[in-house]
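Chains as they are written, first to last, in the numbering used here: chain A, 4 to 117; chain B, 310 to 424.
Ideal Cβ placement from N, Cα and C applies to all residues, glycine included.
To keep things clear, I will list the structure first and then write my remarks on it.
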Amino acid sequence: KAGVTQTPRYLIKTRGQQVTLSCSPISGHRSVSWYQQTPGQGLQFLFEYFSETQRNKGNFPGRFSGRQFSNSRSEMNVSTLELGDSALYLCASSLEGGSGRGAFFGQGTRLTVV
Amino acid sequence: AQTVTQSQPEMSVQEAETVTLSCTYDTSENNYYLFWYKQPPSRQMILVIRQEAYKQQNATENRFSVNFQKAAKSFSLKISDSQLGDTAMYFCAFMKQDNFNKFYFGSGTKLNVKP
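This is the structure we're talking about:
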């Protein structure tokens, strides 16, 4: 069974640009959540999607958005990039997202904003 | 608000020995889950062990076990017979029941297993 796949693995963008990251969950998983990991702030929750609906959202500005498709694949978008958006972005999937079984994470996308 | 504290930024242990990583959390919730995740240099977070707050029995997964003290809001991880492959960052995480994979993570403990 394939794991959680995130693409691309690495990305370099310029301040002011926008970026889209992709996450393909484990087959059969309908919940996808996103996290930002930085040395200063640690791991912070961005948002969670289930059956194409956002069920939960963290405390990030509106420049961070996401969506989920009918096949459960998810994308997150960051517009008007700032230097502080440089981070490892992790995606996690699970069957339904609330059972406490935990989630399976991808290897992340390393975003560098210059 | 929920907070998770890992007070040990870095720890070292000799191969085959036992090590305990500490974690405390603060919450007013009664129903929640606790997790330990491992993040090796490959960056992928791997679930090590999980505990439901309503269960008094401590969870065990092979060489990994937890000491869950609900009243003290403490959730430590014990790794027995440490192996070189255990070298990684370890994160303690909290999730409220039915909170849709919104984990609150601690700052992590870097564990070095020495040969």
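task: Kindly give me the distance between the Cβ atoms of G69/A and F50/A, rounded to whole angstroms, as I take these residues to be in contact under 8 Å.
output: Here residue 69/A is taken as the residue at index 66 of the first sequence, counted from 1. Here residue 50/A is taken as the residue at index 47 of the first sequence, counted from 1. Contact flag correct, Cβ pair sits at about 5 Å.
- prompt: Based on Cα-Cα distance, which residue from L356/B, F414/B and F409/B lies nearest to E370/B?
  reply: Position 61 of the second sequence, counted from the start, is the residue given in the question as residue 370/B. Selection L356/B, F414/B and F409/B evaluated against E370/B yields L356/B as nearest (Cα-Cα).
- request: Please decide whether Q366/B counts as near chain A, where near means a Cβ-Cβ distance under 7 Å.
  value: Locating residue 366/B in the second sequence gives position 57, counting from the first residue. With 7 Å as the cut-off, Q366/B does not count as an interface residue toward chain A.
query: By Cβ distance, which residues of its chain are closer than 7 Å to N59/A, with the 5 residues on each side in sequence left out?
result: Numbered from 1 along the first sequence, position 56 holds the residue referred to as residue 59/A. The answer, listed in chain order, is F50 and E51.
task: Measuring only between beta-carbons, confirm whether L343/B sits less than 7 Å from chain A.
output: Along the second sequence, one-based indexing puts residue 343/B at 34. No, L343/B lies away from the interface with chain A (no Cβ there is under 7 Å from its Cβ).
- prompt: Quick one: does E55/A have its CB under 7 Å from some CB of chain B?
  reply: Taking the first residue of the first sequence as position 1, residue 55/A is located at position 52. Not closer than 7 Å to any Cβ of chain B, the Cβ of E55/A fails to qualify, so no.
field: Residue range of the beta strand (DSSP E) that includes M320/B
entry: By 1-based counting over the second sequence, the position of residue 320/B is 11. It spans E319 to Q323 - the beta strand (DSSP E) in which M320/B sits, taken as one unbroken run.
task: Answer with yes or no whether the minimum CB distance from K379/B to chain A is below 7 Å.
output: Counting from one through the second sequence, the residue named residue 379/B turns up at place 70. Taking CB atoms only, K379/B has no neighbour in chain A less than 7 Å away.
task: Give me the Cα-Cα distance between A325/B and G19/A, rounded to the nearest whole angstrom.
output: Position 16 of the second sequence, counting from 1, holds the residue named residue 325/B. Position 16 of the first sequence, counting from 1, holds the residue named residue 19/A. One C-alpha to the other measures close to 50 Å.
- prompt: Are three or more beta carbon pairs between the segment 401 to 419 of chain B and the segment 28 to 37 of chain A nearer than 8 Å?
  reply: Touching, yes, given that three or more Cβ pairs across the two stretches are closer than 8 Å.
- prompt: Considering Q138/A, what are the terminal residues of the beta strand (DSSP E) in which it resides?
  reply: No answer is possible for residue 138/A: it lies beyond the span of chain A, which begins at 4 and ends at 117.
- request: Can you tell me which of the three DSSP states D335/B falls into?
  value: Locating residue 335/B in the second sequence gives position 26, where the first residue counts as 1. Residue state, collapsed to three classes: strand.
message: Residues of chain A with CB closer than 7 Å to the CB of E361/B, please, in chain order.
response: Locating residue 361/B in the second sequence gives position 52, counting from the first residue. Under a criterion of Cβ atoms nearer than 7 Å, the residues of chain A adjacent to E361/B are, in order, G103.
- request: Below 8 Å on the Cβ atoms is my guess for G111/A versus L93/A; work out the distance and round it to an integer in Å.
  value: As a working mapping, residue 111/A is identified with position 108 in the first sequence. As a working mapping, residue 93/A is identified with position 90 in the first sequence. G111/A to L93/A, Cβ: 5 Å. Contact.
field: Residues that Q317/B contacts on chain A, provided the C-beta gap is smaller than 8 Å
entry: By 1-based counting over the second sequence, the position of residue 317/B is 8. Per Cβ cutoff of 8 Å: no residues; Q317/B is ~15 Å from chain A at best.
query: Can you give the Cα-Cα distance for L98/A and H32/A, rounded to whole angstroms?
result: To locate residue 98/A, count along the first sequence from 1; it is residue 95. To locate residue 32/A, count along the first sequence from 1; it is residue 29. Between the alpha carbons of L98/A and H32/A lies a gap of roughly 4 Å.
query: Between C332/B and Q315/B, is the Cβ-Cβ spacing less than 7 Å?
result: Indexing the second sequence from 1 puts residue 332/B at position 23. Indexing the second sequence from 1 puts residue 315/B at position 6. Taking a C-beta distance under 7 Å as the contact criterion, C332/B and Q315/B qualify as a contact pair.
message: I'd like to know whether the C-beta of D372/B is nearer than 7 Å to at least one C-beta of chain A.
response: Taking the second sequence and counting its residues from 1, one reaches residue 372/B at position 63. Before going on, a small fix: residue 372/B reads as Arg here, not Asp. No, because no Cβ of chain A sits closer than 7 Å to the Cβ of R372/B.
message: What does the Cβ neighbour count give for K423/B, buried or exposed, with the cut at 16 atoms within 10 Å?
response: For the purposes of this step, residue 423/B is taken as the residue at position 114 of the second sequence. Under this definition K423/B is an exposed residue.
- request: Taking A402/B as the reference, give the member of P350/B, Q360/B and T396/B with the closest Cα.
  value: Looking up residue 402/B in the second sequence gives position 93. Closest by alpha carbon: Q360/B.
Which of helix, strand or coil DSSP assigns to G69/A: The residue you call residue 69/A lines up with position 66 of the first sequence. Three-state DSSP puts G69/A in a strand.
query: If you run the structure through DSSP and keep just helix, strand and coil, what is L14/A?
result: Stepping through the first sequence from its first residue, residue 14/A is reached at position 11. In the structure shown, L14/A sits in a strand (DSSP, three-state: E or B).
query: In chain order, what residues of the same chain have a beta carbon less than 8 Å from the beta carbon of Q366/B, not counting five sequence neighbours either side?
result: Taking the second sequence and counting its residues from 1, one reaches residue 366/B at position 57. Excluding sequence neighbours, Q366/B sits near nothing in its chain.
message: Can you give me the C-alpha to C-alpha distance between G394/B and L46/A, rounded to a whole angstrom?
response: Start at 1 with the first residue of the second sequence, and residue 394/B comes out as number 85. Start at 1 with the first residue of the first sequence, and residue 46/A comes out as number 43. If you take the alpha carbons of G394/B and L46/A, they lie about 23 Å apart.
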